[in-house]
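What follows is a set of notes on a single structure, which appears directly below.
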Amino acid sequence: ALPDPLEPLEIDGTLLPRYVFIHGGPRVFTYYTPKEESIKLFHDYLDLHRSNPNLDVQMVPVSVMFGRAPGREKGEVNPPLRMLNGVQKFFAVLWLR
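Residue numbers for the sequence shown follow our numbering, so the first one is 29 and each next one is one higher.
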């Protein structure tokens, strides 16, 4: 079993997170760049591995995707709200409430 990813990992007195986000997708605030933080964490792990060659750390790349493929609904030819524009969808959702 894999260790809990939410618990920090201690290596030679250094606490590091067990997970690193490389790219989180589009963001509202474009000035925030988690990539620089991720690169620093990778360098921290590599430096610790250089100083301790017997260190047993594995990097497991993971992609998390959710949602559906656009245009691939099953059952209906066209979903009820697909043919509406943005304003019409807004009022349709209000009407459903």
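The C-beta atom is built at its ideal place from N, Cα and C for all residues, glycine as well.
Residue i and residue j: beta carbons closer than 8 Å?
i	j	result
H77	V90	no
Y82	D40	The identity of residue 82 in the sequence shown is Asn, whereas the question assumes Tyr. In this structure, D40 does not lie closer than 8 Å to N82 by Cβ.
V48	F70	yes
Give me the Cβ distance between residue i and residue j, rounded to the nearest whole Å; I'm assuming they're in contact under 8 Å.
i	j	result
D72	L44	6 Å
Does DSSP classify residue i as helix, strand or coil?
i	result
E38	strand
L83	coil
L43	strand
L30	coil
What residue from the options has the CA that sits closest to residue i's CA?
i	options	result
T42	V115, I50, L74	L74
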